[in-house]
Amino acid sequence: MKTLIFSMIITLSPIAAISQINWGKVKKEANKAAKNTEGTAKDTYDAGKDLYDEHFGTKKTTNLTNTEVINGLKEALEVGTNNSASKASQANGFLYNSKIKIPWPEDAEKAKNTLINIGMKTQVDKVVKTMNRAAEEASKEAAPIFVDAIKQMSIGDGFKILKGANNEATKYLSDKTSAPLKAKFRPIVKEAIKKVKLTQYWNPCVNAYNKIPGVEKMNPDLDDYITQKAMDGLFKLIAEEELKIRKDPIARVSDLLKKVFGSLDK
1346 MKTLIFSMII TLSPIAAISQ INWGKVKKEA NKAAKNTEGT AKDTYDAGKD LYDEHFGTKK
1406 TTNLTNTEVI NGLKEALEVG TNNSASKASQ ANGFLYNSKI KIPWPEDAEK AKNTLINIGM
1466 KTQVDKVVKT MNRAAEEASK EAAPIFVDAI KQMSIGDGFK ILKGANNEAT KYLSDKTSAP
1526 LKAKFRPIVK EAIKKVKLTQ YWNPCVNAYN KIPGVEKMNP DLDDYITQKA MDGLFKLIAE
1586 EELKIRKDPI ARVSDLLKKV FGSLDK
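Residue numbers (the working numbering): 1346 to 1611.
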């Protein structure tokens, strides 16, 4: 019976999860469960499933309070923010991720095409590369600002967010905090732009284009543009992290996350 219960846990467990099982504890609990079952196939399955649920937080929880759910949502967002900022701040974290890569400013697209046509493609590419470097640099300091906003964020109905879309918590964070977040993040981006020397590549492009007779002068606000794009990218990454926590028990790195998001498991 005990062997069958062990087999149940291994069968139910994701491969990545098996190494995380406390087998000493499971052995004791399996012995206890074996003694308390009548030996039928259903009894064996139920005992093994109960042990698995206890260790991986997938057992349905019917007594969640709204406060627990709210705290769980905020913790998920904090975990997601820290993971996302870490990814984004790596070398090429923005540049080589097509989902968040910052392109040449949209309102200067005509200027970009003209610059390429007059032989300045290399300079245009350097501008794009350096804009992404600025976002990567700024992301190193993004987590504390985002986490502070998460902690201060007011949530009324936690269950509505919990049972919503796979990015519901991230969307709520974006909707409620984007304006103050941008105000705090912009100075950091501005310093990052200086550090990566973006103007060294940007100004020659602007000057060359603006000298062309008859064109509408271009001079987009790069500070604002990169700040917004960097925030958009971070929110996309946070949404991906939220999805992991919702769908993958291994991503639930605390008892609270296991309890709150385990309640969603089918």
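Using N, Cα and C, we set each Cβ at its ideal position, and we do this for glycine too.
Could you give the DSSP three-state label for residue 1517: helix, strand or coil?
DSSP, read as helix, strand or coil, puts residue 1517 in helix.
Residue 1557 burial status per 10 Å Cβ neighbour count (16 or more: buried):
Residue 1557 is exposed by the Cβ-count criterion.
Could you compute how far the alpha carbon of residue 1568 sits from the alpha carbon of residue 1605?
Per the coordinates, the alpha-carbon of residue 1568 lies some 39 Å from the alpha-carbon of residue 1605.
Taking 8 Å as the threshold (C-beta atoms), are residue 1445 and residue 1607 in contact?
The answer is no: Cβ separation not under 8 Å.
Express the C-alpha separation of residue 1461 and residue 1532 in angstroms, rounding to a whole number.
Approximately 31 Å, taken between the alpha carbons.
For the alpha helix (DSSP H) that contains residue 1497, what are its first and last residues?
In this chain, the alpha helix (DSSP H) harbouring residue 1497 covers 1487-1497.
Residue 1552 - DSSP class collapsed to helix/strand/coil
DSSP places residue 1552 in the helix class (H, G or I) of the three-state scheme.
For the region 1581-1593 against the region 1457-1472, are there 3 or more C-beta pairs whose distance is under 8 Å?
Short answer: they don't touch.
Assuming residue 1465 and residue 1571 make a contact with CB atoms under 8 Å, what is their CB distance in whole Å?
About 20 Å; that fails the 8 Å criterion.
Residue 1617 to residue 1434 span [Cα, whole Å]:
Here the chain covers residues 1346 to 1611 and nothing more, so residue 1617 does not appear.
Under a three-way DSSP split, which group does residue 1439 fall into?
Residue 1439 falls in the coil class under three-state DSSP.
Excluding the 5 residues preceding and the 5 following residue 1511 in the sequence, name in chain order all residues of the same chain whose CB lies nearer than 6 Å to its CB.
In the same chain as residue 1511, and ignoring 5 residues on each side of it, the C-beta atoms closer than 6 Å to its own belong to 1588, 1591, in chain order.
Are the region 1503-1519 and the region 1481-1489 touching by the rule of at least three beta carbon pairs closer than 8 Å?
Judged by Cβ distances under 8 Å, the region 1503-1519 makes no contact with the region 1481-1489, as fewer than three pairs qualify.
Enumerate in chain order the residues of its own chain whose CB-to-CB distance from residue 1535 is below 6 Å, with the five nearest sequence positions on each side excluded.
Within the same chain, and ignoring the five residues on either side of residue 1535 in sequence, the residues whose Cβ sits closer than 6 Å to its Cβ are 1568.
Residue 1412 versus residue 1537 - alpha carbon distance
Cα to Cα, the separation comes out at about 38 Å.
Just verifying my parser: in three-state terms, what is the DSSP assignment at residue 1434?
Per DSSP, reduced to three states, the secondary structure at residue 1434 is coil, with no helix or strand assignment.
Start and end of the alpha helix (DSSP H) containing residue 1467?
Counted as a single uninterrupted DSSP element, the alpha helix (DSSP H) harbouring residue 1467 occupies residues 1466-1484.
For residue 1568, which three-state DSSP category applies?
Helix at residue 1568.
Looking at the unbroken alpha helix (DSSP H) that takes in residue 1604, where does it start and where does it end?
Counting along the chain, the alpha helix (DSSP H) containing residue 1604 begins and ends at 1600-1607.
Between which residues of its own chain and residue 1602 is the CB-CB distance below 7 Å, once the five residues before and five after are set aside?
Contacts found: 1417, 1420, 1421, 1590.
Verify whether the separation of the beta carbon atoms of residue 1439 and residue 1480 is less than 8 Å.
Contact flag set, yes.
Near residue 1482, what residues of its chain come up, given a Cβ to Cβ distance below 8 Å and the 5 sequence neighbours on each side ignored?
These residues qualify, in order along the chain: 1434, 1537, 1540, 1541.
Using the three-state DSSP reduction, which class does residue 1561 fall into: helix, strand or coil?
Looking at residue 1561 - three-state DSSP - the assignment turns out to be coil, as it is neither helix nor strand.
Report the option in 1548, 1522, 1561 whose CA atom is closest to the CA atom of residue 1491.
When each option's Cα is compared against that of residue 1491, the closest is 1522.
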